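Below: one structure, written as structure tokens.
Number of protein chains: 2
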Amino acid sequence: MSKQREAILAAVRKSCSHPDADTICAAVRADIPNISLGTVYRNLGKLADEGIIRRISVPSGADRFDKTICPHGHIVCPVCGGVSDLSQEVTQALEQALGDCRSYELTVSRECQECKKL
Amino acid sequence: MSKQREAILAAVRKSCSHPDADTICAAVRADIPNISLGTVYRNLGKLADEGIIRRISVPSGADRFDKTICPHGHIVCPVCGGVSDLSQEVTQALEQALGDCRSYELTVSRECQECKKL
DNA sequence: CTCCTAATTAGTAATAGTTACTAATATTAG
DNA sequence: CTAATATTAGTAACTATTACTAATTAGGAG
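If you read the protein sequences in the order shown, they are chains A and B. According to my numbering, the first sequence is numbered sequentially starting from 201. According to my numbering, the second sequence is numbered sequentially starting from 201.
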């Protein structure tokens with residue numbers, strides 16, 4: 201495992217905001233200034249394929265990455281684009297209805313608290 | 201409403217396979233041979249914004265369009281990429297859990313019957 | 001430790017899906 | 001019919017992502 205890959209994984213694990221590849225690349229550049237965006241994409245993809253992190257796909261936007269591998273739905277704010285986790289209740293209700301299938305993407309569009317205030 | 205727009209809407213309404221912009225463009229070219237792909241995209245977007253058709257966003261693939269405006273989940277076959285509607289039961293269970301929110305995207309990945317046979 | 005091989009990288013080019021732009025054409029209201 | 005407006009075809013541009021390549025780097029055997 202190269203230091204680049206290790207730094208990318210650390211960046212995903214440190215973040216709580218479901219970052220996209222670009223954001224992760226910017227974060228890792230604090231440590232490795234000339235890391236390539238391609239390297240970030242390749243490693244994020246590999247880490248996701250290996251089940252170490254999770255790729256989350258949101259409508260009309262870059263893919264995001266999640267340190268939490270346990271599947272769960274997400275809320276996307278239509279104003280700022282921020283992503284947060286959907287409540288356990290909704291996730292459980294969905295999974296119960298789906299049966300044993302754990303391969304799904306659920307994205308609910310809802311304005312976040314910060315954007316509502318404005 | 202231009203004849204292009206009318207043809208695009210008709211193509212979406214005629215199809216049962218949740219076609220993407222490219223597929224719709226090819227279909228419409230049977231009637232209007234030199235219609236531009238840009239025109240197809242623009243009109244599909246507008247029709248979706250106006251609530252006349254529905255845009256469905258699938259992970260890692262082109263957006264697809266649905267004549268059914270009533271929100272519901274979809275099944276994407278990981279082998280052939282085909283899209284079909286999720287059962288009413290699952291959709292209802294999800295909507296009950298979500299409350300009044302009708303703005304969501306649910307995509308379940310499951311191999312379709314045709315691909316299973318191979 | 002050193003050499004070899006295989007993996008990985010940075011950087012760039014290429015690709016897919018989509019939107020933006022523009023001059024020309026078509027539609028609509030008066 | 002005519003002027004204003006909307007829409008088009010065609011092309012260029014853009015974003016997210018993957019592919020390619022030569023150079024660098026790990027990791028293992030001796």
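Virtual Cβ for every residue (Gly too), placed ideally from N, Cα, C. Model, not experiment: these values are computed from the prediction.
| Query | Result |
| --- | --- |
| Nearest-angstrom Cα separation, counted from L306 of chain A out to K203 of chain B | 36 Å |
| Interface residues of the region 255-268 of chain B facing chain A [CB-CB below 7 Å] | S257, P259 and S260 |
| Per-residue DSSP class, three states only, for L306 of chain B | strand |
| Residues bridged to D220 of chain B (per DSSP) | B:R264 |
| Chain-ordered chain B contacts of Y304 of chain A [CB-CB under 8 Å] | L306, T307, V308 and S309 |
| Chain B residues whose Cβ lies nearer than 8 Å to that of C225 of chain A | Within chain B, no residue comes near C225 of chain A; the closest Cβ sits about 20 Å away, beyond 8 Å. |
| Bridge-paired residues (DSSP) for R205 of chain A | R205 of chain A pairs with nothing; no bridge assigned. |
| Nearest neighbour of S309 of chain A, chosen from B:C312, B:C315 and B:R302 [CA to CA] | B:R302 |
| Identified DSSP bridge partners for V276 of chain A | A:V283 and A:S309 |
| Limits of the beta strand (DSSP E) - the one that R242 of chain B falls within | Premise fails: R242 of chain B lies in the alpha helix (DSSP H), L237 to D249, not in any beta strand (DSSP E). |
| L374 of chain B: first and last residue of the uninterrupted alpha helix (DSSP H) it sits in | Here chain B covers residues 201 to 318 and nothing more, so residue 374 of chain B does not appear. |
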